[in-house]
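This note's numbering puts the first residue of the sequence shown at 95, with every later residue one more than the last.
Beta carbons: idealized from backbone N, C-alpha and C, even for Gly.
One structure below.
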Amino acid sequence: MGRKLTTVSIFSVGFISGILLNRALKNLYRPIFSYIVNKISYVFPVKSLPSHLKNGSVPNEGCVGIDSPDAGTAESCAGCPNASICASNSKKVNYEIENLLNVKNIILILSGKGGVGKSTVSAQLSWYLSSKNLSVGLLDIDICGPSAPKMMGVQNNDVHISAGGWSPVYVNDTLSVMSTAFLLSESDDAIIWRGPKKNGLIKQFLTDVIWGDLDYLIIDTPPGTSDEHLSIVSYLKGHNVNGAVIVTTPQEIALQDVRKEISFCKKVDLNIIGVVENMGKVFKNIEIEASVEEMCKKMDVKYLVKIPWDEQLLYACDKGTSICENDEDSPSSVAIKELGNIITSI
95 MGRKLTTVSI FSVGFISGIL LNRALKNLYR PIFSYIVNKI SYVFPVKSLP SHLKNGSVPN
155 EGCVGIDSPD AGTAESCAGC PNASICASNS KKVNYEIENL LNVKNIILIL SGKGGVGKST
215 VSAQLSWYLS SKNLSVGLLD IDICGPSAPK MMGVQNNDVH ISAGGWSPVY VNDTLSVMST
275 AFLLSESDDA IIWRGPKKNG LIKQFLTDVI WGDLDYLIID TPPGTSDEHL SIVSYLKGHN
335 VNGAVIVTTP QEIALQDVRK EISFCKKVDL NIIGVVENMG KVFKNIEIEA SVEEMCKKMD
395 VKYLVKIPWD EQLLYACDKG TSICENDEDS PSSVAIKELG NIITSI
């Protein structure tokens, strides 16, 4: 506590102390959570930086941050007055993640807004791929709003620590899940963390979970275009990332943020597999629904499938089951299968 450290605001690689975190999260007492706190709470001394970095000013919206291996050298760093400083101070770690080396395909599920069904698509896609005798992992990185365990019917299970890292929770022989929700003592507990803390946990999820051999790793991300997304893209660089599936609902207010999500993907060089329209045909007045297909044409991205509003799909998610197994002929099942077939054909 007596050590004098340089504070670097947004660019800081130092985390708040474990003592302060334990006070803030005093109700979260699971052994696995204590392990995580100790793992990501070390306060790192940071080299002294110029004043314009100490103030935490972000030179441009595409900034990858000083903790990125591309700090100072990324395309977005061109023309930035801080580029050489970031390059010299970057940790420049080799981010080859051993536990992902045997993962053949990585699919990121993104959304511009929350509540559009991103987690529903992630869960049901994972169920379907698993039913095709493929080995599938579902990684829920929506730290503040984790829902994968509930949707997979394993919300009462615990994560176990082994010598090699964390063992994910197995739904069946070919489907496993990892989520922040497994770490909470109560399902209604909130995790109130700033960006660096979230990024630390994201790194732990990506590096320490022992997935084994996977055909597909589906990553359910937070909504929007946040610092967490920059971290995810940065850490996964060099691995088998097929691209991103963007989920939206057919309202103009949702499409506004989808356009930003598409722009984000293009700026960070993340391949866009396409857009999924969820909860289509909800409104009797068709004029209320904006055209997702038209937006895709204008943005030069693929329109993948339309998943209609389906009460059976809601039921399947609440009960932690697969809609494709419960009602294989329903419109939503047909759409999920079509999406899965598109993914496996890439």
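In this chain, the alpha helix (DSSP H) harbouring Ser-328 covers 321–330. Between the beta-carbon of Ile-430 and that of Ile-440 there is about 16 Å, and that puts the pair past the 8 Å contact cut.
Ile-367 and Trp-221 have their C-alpha atoms spaced approximately 19 Å apart. Given a length threshold of 4 residues, the stretch 252–276 has no whole run of the alpha helix (DSSP H) inside it. Taking the Cα of Val-230 as reference, the smallest distance to any Cα among Leu-219, Asp-236, Glu-405 is reached at Leu-219. In the structure shown, Glu-280 falls within a coil segment according to DSSP collapsed to helix, strand and coil. Three or more pairs of CB atoms, one per stretch, sit closer than 8 Å, so the stretch 305–312 contacts the stretch 224–238.
Note that the C-beta distance between Val-303 and Pro-344 is not below 8 Å.
With a cutoff of 8 Å on beta-carbon distance, Leu-295 and Ile-200 are scored as not near each other.
Between Thr-342 and Asn-372, the beta carbon gap of about 7 Å places them in contact (Cβ cut-off 8 Å). With contacts defined as CB atoms closer than 8 Å, Asn-266 and Ser-224 qualify as a contacting pair. Residue pairing by DSSP places Glu-371 opposite Thr-342, Lys-400 in a beta bridge.
Assignment of Asn-196 by DSSP, reduced to helix, strand and coil, places it in the coil class. Excluding sequence positions up to five before and after Trp-260, its CB lies within less than 6 Å of the CB of Val-253, Asp-302, Val-303, all in the same chain and listed in chain order. Where Asp-412 is concerned, the enclosing alpha helix (DSSP H) starts and stops at 405–413.
Within the DSSP secondary-structure output, Leu-295 pairs in no beta bridge.
Ranked by Cα distance from Met-246, the options Lys-226, Ala-275, Ile-237 are led by Ala-275. DSSP places Leu-233 in no alpha helix (DSSP H) but in the uninterrupted beta strand (DSSP E) bounded by 230–234. Here Lys-244 is buried. Its C-beta has 16 or more other C-beta atoms within 10 Å. Closest in C-alpha terms to Val-369, from the list Phe-358, Met-389, Asp-363, comes Met-389. Apart from the 5 residues on each side of it in sequence, Val-263 sits with its Cβ closer than 6 Å to the Cβ of Val-248, Asn-251, Val-271 in its chain, given in chain order. In the structure shown, Gly-247 adopts coil according to DSSP, grouped into three states. When DSSP states are grouped into helix, strand and coil, Asn-336 belongs to the strand group. Counted as a single uninterrupted DSSP element, the alpha helix (DSSP H) harbouring Leu-433 occupies residues 425–438. Following the DSSP letters along the chain, one finds Leu-311 inside the beta strand (DSSP E) bounded by residues 310–314. Of the residues assessed, Gly-332 falls on the exposed side of the cut-off, its CB having fewer than 16 other CB atoms within 10 angstroms. Between Val-327 and Val-362, the beta carbon gap of about 5 Å places them in contact (Cβ cut-off 8 Å). Around the CB of Ser-273, 16 or more other CB atoms lie within 10 Å, so the residue is classed as buried. Assignment of Ile-356 by DSSP, reduced to helix, strand and coil, places it in the helix class. The three-state secondary structure of Ser-225, taken from DSSP, is helix. Between the C-alpha atoms of Glu-346 and Val-395 there is a straight-line separation of about 17 Å. Between Ser-205 and Ala-242 the beta-carbon gap is near 15 Å, outside 8 Å, which marks them as no contact. Only exposed fits Lys-391, as fewer than 16 other CB atoms lie within 10 angstroms of its CB.
Contact between Glu-355 and Thr-319 holds: their C-beta atoms lie close to 6 Å from each other, under 8 Å. The DSSP-derived three-state label of Val-395 is coil.
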